[in-house]
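Asker: Mind looking over this structure? Questions follow.
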Amino acid sequence: MTGRDPLFDLTAHMFMLSFLAIGGANAVIPELHRMAVESYGWMGDTTFADLFAIAQVTPGPNVLLVTLIGWYVAGVPGAIASTLVMCVPSGAAAYAMSRLSNRYKTARPRIAIQRGLAALTIGIVLASAYILMGVADTHALAYGVTALAAIGSLTTRLNPIWLIGVGALAGAFGLV
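To convert, note that position 91 of the sequence shown is 91 in the working numbering; the numbers rise steadily by one, no gaps.
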């Protein structure tokens, strides 16, 4: 804990994260977790997992997790500030880069950068999944359901809603 105003710490950290959110807010989940749970101690693993779940079932963009963390830490001002500093700077940078990218569509460096960023994004999203699995799965059956969903997603063309349904049934019966 720093002793400073949590709203200041939250806003400053979210501002820096906004430029690392390649692929969306889900790409920075490991850092959001480290910040909110490990560094500042604003919440525990269970609360973090709950906020992530709420953000996922709520219609709208994945950035809602940032809004919920801001709200949990500093109320409505935290929700507004964290959302703005996560979206506005990176949105402006993305707009500028898209104009530049369109200008140099066939340039080799642009193509190489795009391919590199695609691979980086996949790695970051997998790291996010690993962090979430660690905070949400609390026993062997929960890890099994997660593994089943991951394997099912990677090896079949099964609609993900069926995999979500398996997890929901396990939860409804109190198994996870």
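For every residue, glycine included, the Cβ atom is placed at its ideal position computed from N, Cα and C.
#1: Around the C-beta of residue 104, are 16 or more other C-beta atoms found within 10 angstroms, so that it is buried, or is it exposed?
#2: Output the boundary residues of the alpha helix (DSSP H) element that contains residue 110.
#3: Taking 7 Å as the threshold (C-beta atoms), are residue 63 and residue 97 in contact?
#4: Where does residue 60 sit, in a helix, a strand or coil, going by DSSP?
#5: Among the residues of its own chain, which have a CB less than 7 Å from the CB of residue 123, if the five just before and after it don't count?
#6: Are the segment 46-62 and the segment 149-166 touching by the rule of at least three beta carbon pairs closer than 8 Å?
#7: Measure the CB-CB distance between residue 30 and residue 90 and report whether it falls below 7 Å.
#8: Does the Cβ-Cβ distance between residue 78 and residue 10 come in under 7 Å?
#9: For residue 141, which residues in the same chain have their Cβ closer than 6 Å to its Cβ, ignoring the five residues on either side in sequence?
#10: Which of the three DSSP states is assigned to residue 21 in this structure?
#11: Let's test the definition: count the other Cβ atoms within 10 Å of the Cβ of residue 42 and tell me whether it reaches 16, buried, or not, exposed.
#12: Might you give, ordered along the chain, the residues of its own chain that have their beta carbon closer than 7 Å to the beta carbon of residue 35, omitting 5 neighbours on each side?
#13: Just to confirm my understanding: we take residue 117, look at its own chain, exclude 5 residues before and 5 after, and list those with CB closer than 7 Å. What are they?
#14: Going by alpha carbons, who is nearest to residue 164 out of 146, 173, 155?
Answerer: Looking at the coordinates:
#1: exposed
#2: 108-136
#3: no
#4: In the displayed model, residue 60 falls within coil according to three-state DSSP, outside both helix and strand.
#5: none
#6: no
#7: no
#8: yes
#9: 175, 176
#10: coil
#11: buried
#12: 13
#13: Taken in chain order, the residues that qualify are 22.
#14: 146
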